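*Asks:* Here's a structure for you.
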Amino acid sequence: MPVFDDGQKATALPDSSVVETDVLIVGSGPAGGSAALLLSTLGIPNIMITKYRWTANTPRAHITNQRTMEIFRDVGIAEQVLADATPHELVGDTVFCTSIAGEEIGRIRTWGTGADREADYQLASPCLTVDIPQTYLEPILVKNATMRGTQTQFSTEYLSHVQDDSGVSVSVMDRLTGNRYTIRAKYLIGADGARSKVAADIDLPFEGAMDIAGSMNITFKADIAEYVGHRPSVLYWVIQPGSNVGGIGAGLVR
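Using our numbering, the letters of the sequence shown map in sequence onto residues 903 to 1156.
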């Protein structure tokens, strides 16, 4: 019977309750996934953990700028991103309207697609802005980071850490079993979002006002070509005075 061999070293079984690595990354979103990919590309051992069972399950952020695409090109994943993204030439108008089927208030050319600015954008970089939601981008980052050496651990929650002169000891929990153990790292990256527990634990200050408005994300599937086919747009800002969702009476349809 043939023996499978992909040329990679088998993961060594731990001989203690402490796992060691050079860099521990908390969070597997765009920031965490990119950090893991860059580190593994450079041959730096790292572990990336997330308390969730997989990557983003909603679109979230999506406009990916030229500098980011340059980095993706440098690490060899630009073509994978472009394959899943809305291409630059279709990332054009942003429409302001009273509803998807209602009156159009106005539209603007965006993301460097306007005739008066497109040349500036093209001269500024070999890459162009694309539109790719996190549901598509995160798996690309995580897959490539893991293929290059990142130890990616889902359902693994950051609990706390203690820092000393030589690094950090991080307490984590396996959310499937409830088992707690320690990861010892030279560096800890907190890439766990705007409400980062890592940032809170080190009292990292945030600038600006917090919680100034509420918002809701609603994901739906529907054929709305009948209503938008004659006025294509990358984003539809729906303005309805009197509505108080978010405090501004506006909704955004992508």
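C-beta: ideal position from N, C-alpha, C; glycine also.
No experiment lies behind these values; they were computed from the predicted model shown.
Do you know whose CA, among His1063, Asp1103, Ile1104, lies nearest Ile1085's CA?
*Replies:* Of His1063, Asp1103, Ile1104, the residue nearest in Cα terms is His1063.
*Asks:* Are the beta-carbon atoms of Lys1123 and Tyr1060 separated by less than 8 Å?
*Replies:* It is not a contact, given that the beta carbons lie outside the stated cut-off.
*Asks:* Along the chain, where does the alpha helix (DSSP H) containing Glu1020 start, and where does it finish?
*Replies:* Glu1020 -> alpha helix (DSSP H) spans 1020-1026.
*Asks:* Mind reading off the beta-carbon distance from Ala1093 to Ser942? Whole number of angstroms is fine, and I expect it under 8 Å.
*Replies:* Incorrect: roughly 15 Å between the Cβ atoms, too far for contact.
*Asks:* Find out if the Cβ-Cβ distance for the pair Ile927, Ala938 is shorter than 8 Å.
*Replies:* Closer than 8 Å, so yes.
*Asks:* Quick one: using the 10 Å Cβ neighbour count with 16 as the cut-off for buried, is Asp992 buried or exposed?
*Replies:* Note that residue 992 is Leu in the sequence shown, not Asp. By the neighbour-count rule (16 or more Cβ atoms within 10 Å), Leu992 is not buried but exposed.
*Asks:* If you check the beta carbons only, do Val1074 and Ile965 fall under 8 Å apart?
*Replies:* Not a contact, by the Cβ cut-off of 8 Å.
*Asks:* Quick check on Met1049: does DSSP put it in helix, strand or coil?
*Replies:* In this structure, Met1049 counts as helix in the three-state DSSP scheme.
*Asks:* Determine the burial state of Asn948: buried for a count of at least 16 other Cβ atoms within 10 Å of its Cβ, exposed for fewer.
*Replies:* Asn948 is buried by the Cβ-count criterion.
*Asks:* Would you kindly work out how many angstroms separate the C-alpha atoms of Gln1053 and Gly929, rounded to a whole number?
*Replies:* Each residue's alpha carbon lies about 13 Å from the other.
*Asks:* Below 8 Å on the Cβ atoms is my contact criterion, and I expect Phe1056 with Arg962 to pass it. Report the Cβ-Cβ distance as a whole number of Å.
*Replies:* Actually they do not touch by this definition, with Cβ atoms about 18 Å apart.
*Asks:* With a cut-off of 8 Å on the beta carbons, I'd call Asp924 and Tyr1089 a contact; round off their distance for me.
*Replies:* About 7 Å separates the two Cβ atoms, so the contact holds.
*Asks:* Expressed to the nearest angstrom, what Euclidean distance is found between the alpha-carbon atoms of Ser1068 and Ala1087?
*Replies:* Answer to the nearest angstrom: the Cα atoms are 9 Å apart.
*Asks:* Suppose the cutoff is 7 Å on Cβ atoms and the five residues either side in sequence are ignored; what does the same chain contact list for Glu922 look like?
*Replies:* Arg1086.
*Asks:* Under 8 Å Cβ to Cβ from Gln1036, same chain only, skipping five residues before and after it: list those, please.
*Replies:* Once the five neighbours on either side are set aside, the close Cβ partners of Gln1036 are Gly931, Pro932, Thr957, Ala958, Thr960, Pro961, Arg962, Ala963, His964.
*Asks:* Going by C-alpha to C-alpha distance, which of Val1140, Thr996, Leu940, Leu1039 sits closest to Asp976?
*Replies:* Comparing Cα positions, the closest option is Leu940.
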